[in-house]
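So the protein sequences, as listed, match chains U and C. For the first sequence, the positions run 4 to 364 when the numbering used here is used. For the second sequence, the positions run 4 to 364 when the numbering used here is used. Backbone N, C-alpha and C fix where the C-beta goes; we use that ideal spot for every residue, glycine too.
Number of protein chains: 2
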Amino acid sequence: MSEKHYSYNELYEFTYSVFKKIGCSDTHAATATKVLLSADMRGIDSHGVARLIGYVRLWEVKRVNATPDIKIIHETPSTAVVDGDSGLGLVVAPFAMQIAIGKAKSVGTGWVSVQNSNHFGIAGYHAMMALEHDMMGIAMTNASPLVAPTFSIDKMLGTNPICVAAPAGEEPAFVADLATTTAANGKLEILQRKNADTPMGWVQDKDGNPSTDANILKKGGALLPLGGDREHGSHKGYALGAVVDIFSALLSGANYAPWVPPFPAYVPMPVQQPGKGIGHFLGAMRVDAFRPADEFKNNMDNWIRGFRNAKPQQGQEKVLVPGDPERAFEIERKKNGIPLVEAVVNDLRQLAEKMQLPFKV
Amino acid sequence: MSEKHYSYNELYEFTYSVFKKIGCSDTHAATATKVLLSADMRGIDSHGVARLIGYVRLWEVKRVNATPDIKIIHETPSTAVVDGDSGLGLVVAPFAMQIAIGKAKSVGTGWVSVQNSNHFGIAGYHAMMALEHDMMGIAMTNASPLVAPTFSIDKMLGTNPICVAAPAGEEPAFVADLATTTAANGKLEILQRKNADTPMGWVQDKDGNPSTDANILKKGGALLPLGGDREHGSHKGYALGAVVDIFSALLSGANYAPWVPPFPAYVPMPVQQPGKGIGHFLGAMRVDAFRPADEFKNNMDNWIRGFRNAKPQQGQEKVLVPGDPERAFEIERKKNGIPLVEAVVNDLRQLAEKMQLPFKV
Chain U
4 MSEKHYSYNE LYEFTYSVFK KIGCSDTHAA TATKVLLSAD MRGIDSHGVA
54 RLIGYVRLWE VKRVNATPDI KIIHETPSTA VVDGDSGLGL VVAPFAMQIA
104 IGKAKSVGTG WVSVQNSNHF GIAGYHAMMA LEHDMMGIAM TNASPLVAPT
154 FSIDKMLGTN PICVAAPAGE EPAFVADLAT TTAANGKLEI LQRKNADTPM
204 GWVQDKDGNP STDANILKKG GALLPLGGDR EHGSHKGYAL GAVVDIFSAL
254 LSGANYAPWV PPFPAYVPMP VQQPGKGIGH FLGAMRVDAF RPADEFKNNM
304 DNWIRGFRNA KPQQGQEKVL VPGDPERAFE IERKKNGIPL VEAVVNDLRQ
354 LAEKMQLPFK V
Chain C
4 MSEKHYSYNE LYEFTYSVFK KIGCSDTHAA TATKVLLSAD MRGIDSHGVA
54 RLIGYVRLWE VKRVNATPDI KIIHETPSTA VVDGDSGLGL VVAPFAMQIA
104 IGKAKSVGTG WVSVQNSNHF GIAGYHAMMA LEHDMMGIAM TNASPLVAPT
154 FSIDKMLGTN PICVAAPAGE EPAFVADLAT TTAANGKLEI LQRKNADTPM
204 GWVQDKDGNP STDANILKKG GALLPLGGDR EHGSHKGYAL GAVVDIFSAL
254 LSGANYAPWV PPFPAYVPMP VQQPGKGIGH FLGAMRVDAF RPADEFKNNM
304 DNWIRGFRNA KPQQGQEKVL VPGDPERAFE IERKKNGIPL VEAVVNDLRQ
354 LAEKMQLPFK V
């Protein structure tokens, strides 16, 4: 796999111009670009510019509205439901998170469920918006069905990620950002490119048998919930994915379970649509709604250092704290740029030609 | 393993009289008994009357205060911190959940972090308190360190369970109640009684090597986070357990990470105590703070039926919905009573003698 490196600014400029070209406002284009590239910077390559062409294709088939009228359709002092008006999730989710933060400022916490949206990039970006306000941030989204619940052959849930971010003092923030599956789809894509097998416990075939085929999703197979099988707690991963679906879609009126619209524009929409678009859930909790922020942050520092100082297993350098791997990527990529595999570069080049935009390669 | 069956009322009467004997008020004794026995009824035998003698021992060494002055020490419209005054978690957690429910009534959601408490039984009881108010309920607690994070030899977290309960319409409620480990400690105890091994991925030995020894905790080993190992997503289980710790203890000022007090009274308290007692986190979200409760509950029914109708794997009767196994136990035990293994019966008999209480066997 050949890889080329691009600076953040190069990719920012191009991505921004693509979002402008499909009709986004300056502000929306800037937000969407920042959210998308935060994935590349944090090493979650499957959710970054690699998906740019996918968002454009959704716009082409009129499933993404580039000029959405995003609005609150119901609210209480600590909650709101937002209608994303089919906008980019990259724009809708930060809008909803700002509302959560505002409500947390006034009543301690804010919780916003979102309907009628599209894929929102990485959950981490949205949850981390809370940190600068000395708040904890929570972000979840449902997604199209790739995951078979425990005992099921049918795919009923998406990889439904959860992110929780908590500020610290001298230490960097705690950021747990995880798909509720054993492995996210992006991990399969990496193995596909290498022609490698998956470990047992990641996927099953179309009949529900254990499999190690990284291409199994194309053959009717499914991803497995965190835990892998019943004996290893897959019913827990399934339950967590279900919770994400309920918070994101049942509370908001979005589509849920197997009826969540797919990301690839060429995949037909589900026949049954019990709600609108896909759903997210965003939350913010003001730390000092519980105790003085300084006390909390001192304790977080002590907590984090405790884990960093835990004795590592032989062969492991150290025990990591959630957020460490992504932060290491960020530091490295700020210095050396973002590596893109050839397939992604080709997609971007194709996009540049079609939209008559410059893309330097 | 010989087992005797006891009716709910028999065990209620005895358990209530034990709590009265250590000095609990009528109300506290009744609440503690209800919470404790809800575990036995729901098939979570490790958290029911099997633990009664353990609570009494904690009271004997003055780690449980039978007449606590449980109070709010800080609050905002949607949040509170509760000081449990070293009371039984069985009493402190329902107190805190009532506050969460009250705040949800007035501002849409309520979130209560608790310090200075003790073990609270099953998370499910507390989360399910929200259901009758047409609210979603959330309950978490930290616990003494039995779990080694990914790459760690040291035990840094408890089994830190999470429960989320959501009301449905005609269908029974969705109740996901799970330890953030591959298997809870109670599962090991069952295998110990059978002299059986654990599957791979449940535990590791004192040096961090994979193990299948169900007695490994007594030999310096550890439980593993949900996922088992890094390749199967144990960093996600670890992150979820960490989130529970932060919500329960860092927000409240309870002890956290490896410094959480142990349940067995004979285990010495940690030398370092950065907080007070153990911590819980209780939340309630009014469904109609988001959308009309009827709409939500209709959608939940449709969601639940979708999963029940999913195609099961060969050899599996059907796909379950979180809460189904516990509900099946409840139905069966209401009819046939609660089976107690001999070791538990002996504990109760010993307790009856010591406290001069009648215990019919």
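How big is the Cα-Cα spacing for residue i and residue j?
i: leucine 351(C); j: leucine 40(C); result: 14 Å
i: serine 368(U); j: glycine 326(C); result: In the structure as shown, chain U begins at 4 and stops at 364. Residue 368(U) is therefore absent and cannot be evaluated.
i: tyrosine 9(C); j: glycine 127(C); result: 22 Å
i: leucine 253(C); j: alanine 142(C); result: 16 Å
i: alanine 260(U); j: phenylalanine 154(U); result: 16 Å
i: asparagine 301(U); j: alanine 171(U); result: 7 Å
i: serine 255(C); j: asparagine 349(U); result: 51 Å
i: methionine 272(U); j: leucine 160(U); result: 15 Å
i: glutamate 173(C); j: aspartate 304(C); result: 7 Å
i: lysine 221(U); j: valine 206(U); result: 12 Å
i: alanine 176(C); j: methionine 132(C); result: 12 Å
i: glutamate 192(C); j: serine 214(C); result: 16 Å
i: glutamine 319(C); j: proline 148(U); result: 21 Å
i: alanine 268(C); j: asparagine 163(C); result: 19 Å
i: glycine 224(C); j: lysine 357(C); result: 34 Å
i: leucine 227(C); j: phenylalanine 17(C); result: 36 Å
i: isoleucine 249(C); j: asparagine 145(C); result: 9 Å
i: glycine 57(C); j: phenylalanine 266(C); result: 7 Å
i: aspartate 201(C); j: glutamine 195(C); result: For clarity, residue 201(C) is threonine in the given sequence; the question names aspartate instead. Using only the alpha carbons, I get a separation of about 9 Å.
i: aspartate 43(U); j: glutamine 353(U); result: 20 Å
i: alanine 296(U); j: serine 116(C); result: 15 Å
i: isoleucine 219(C); j: lysine 209(C); result: 8 Å
i: alanine 99(U); j: leucine 285(U); result: 7 Å
i: lysine 190(U); j: proline 71(C); result: 51 Å
i: glycine 211(U); j: histidine 235(C); result: 18 Å
i: glutamate 298(C); j: serine 237(C); result: 37 Å
i: alanine 199(C); j: alanine 169(C); result: 36 Å
i: phenylalanine 310(C); j: glycine 240(C); result: 24 Å
Closest to residue i by C-alpha separation, out of the options, would be which residue?
i: threonine 185(U); options: Cys166(U), Gly244(U), Ile156(U), Arg289(U); result: Gly244(U)
i: cysteine 27(C); options: Pro267(C), Leu253(C), Asn349(C), Ala69(C); result: Ala69(C)
i: valine 274(C); options: His77(C), Met44(C), Asn258(C), Pro164(C); result: Asn258(C)
i: alanine 32(U); options: Glu78(U), Asp48(U), Gly92(U), Ser49(U); result: Gly92(U)
i: leucine 84(C); options: Val64(U), Met303(U), Arg294(U); result: The amino acid occupying residue 84(C) in the given sequence is valine; leucine does not appear at that position. Residue Arg294(U) is the option with its Cα nearest to valine 84(C).
i: isoleucine 341(C); options: Lys23(C), Phe17(C), Asp48(C), Thr34(C); result: Asp48(C)
i: alanine 53(C); options: Lys363(C), Val347(C), Leu354(C), Met44(C); result: Val347(C)
i: tyrosine 11(U); options: Pro202(U), Phe22(U), Gly51(U), Thr30(U); result: Gly51(U)
i: alanine 187(C); options: Asn198(C), Ala331(C), Gly140(C), Ile125(C); result: Ile125(C)
Near residue i, which residues of its chain fall below 8 Å by C-beta distance, leaving aside the five closest residues on each side in sequence?
i: arginine 289(U); result: Ala107, Lys108, Gly111, Thr112, His136, Asp137, Met138
i: glycine 280(U); result: Gly87, Ser89, Gln118, Asn119, Ser120, Asn121, Ala257, Asn258, Pro264
i: asparagine 339(C); result: His8
i: leucine 360(U); result: Phe17, Ser20, Val21, Lys24, Leu354
CB-CB under 6 Å to residue i, same chain, minus the five flanking residues each way: which ones, in chain order?
i: alanine 96(U); result: Phe123, His129, His283
i: alanine 182(U); result: Thr162, Pro164
i: alanine 179(U); result: Val167, Pro325
Only counting the same chain, and skipping five residues up and downstream in sequence, which positions put a Cβ closer than 7 Å to that of residue i?
i: isoleucine 25(U); result: Val59, Trp62, Ala69
i: glutamine 101(C); result: none
i: glycine 278(C); result: Gln118, Ala252, Gly256, Ala257, Asn258, Tyr259
i: aspartate 291(C); result: Asp137
i: tyrosine 15(C); result: Thr36, Leu40
i: tryptophan 262(U); result: Pro273, Gln275, Gln276, Pro277
Are there any heavy atoms of the ligand FMN lying less than 6 Å away from the beta-carbon of residue i, as far as the coordinates show?
i: leucine 354(U); result: This structure simply doesn't include the ligand FMN, nor any ligand for that matter.
| said: Which runs of the alpha helix (DSSP H) at least 4 residues long sit entirely within the segment 236-292 of chain U? Give them in chain order. | reply: 237-248
| Which of the residues in the segment 280-312 of chain C, read from start to end, lie with their CB under 8 Å from any CB of chain U? | Met288, Arg289, Val290, Ala292, Phe293, Arg294, Glu298, Phe299, Asn302, Met303, Asn305, Trp306, Gly309, Phe310
| task | Run through the segment 154-234 of chain C for me and flag every whole alpha helix (DSSP H) of 4 or more residues, listed as ranges in chain order. | result | 188-196
| Using a beta-carbon distance cut-off of less than 9 Å, what residues from the segment 79-104 of chain U approach chain C? | Those residues of the segment 79-104 of chain U that come within reach of chain C (Cβ to Cβ, closer than 9 Å) are Thr79, Pro80, Ser81, Thr82, Ala83, Val84.
| Any residues in the segment 250-266 of chain C with a beta carbon nearer than 9 Å to a beta carbon of chain U? Which ones, in chain order? | Phe250, Ala252, Leu253, Leu254, Ser255, Gly256, Tyr259, Ala260, Pro261, Trp262
| query | Name the residues in the segment 114-131 of chain C whose C-beta lies less than 7 Å from a C-beta of chain U; which are they? | reply | Trp114, Ser116
| task | Could you tell me which uninterrupted alpha helix (DSSP H) segments, each at least 4 residues in length, are contained entirely in the segment 21-92 of chain C, listed from first to last along the chain? | result | 29-44, 55-63
| Length at least 4, wholly inside the segment 90-136 of chain U: the alpha helix (DSSP H) runs in chain order | 92-110, 126-131
| Which residues, taken in chain order from the segment 51-75 of chain C, show a beta carbon closer than 7 Å to some beta carbon of chain U? | none
| said: What ranges does the alpha helix (DSSP H) occupy inside the segment 301-341 of chain U, keeping only unbroken runs of at least 4 residues that lie completely in it? | reply: Complete alpha helix (DSSP H) runs here, min 4: 327-339.
| Contacting positions in the segment 224-246 of chain U - beta carbon closer than 8 Å to chain C | Leu229, Gly230, Gly231, Glu234, His235, Gly236, His238, Lys239, Gly240, Tyr241, Ala242, Leu243, Ala245, Val246
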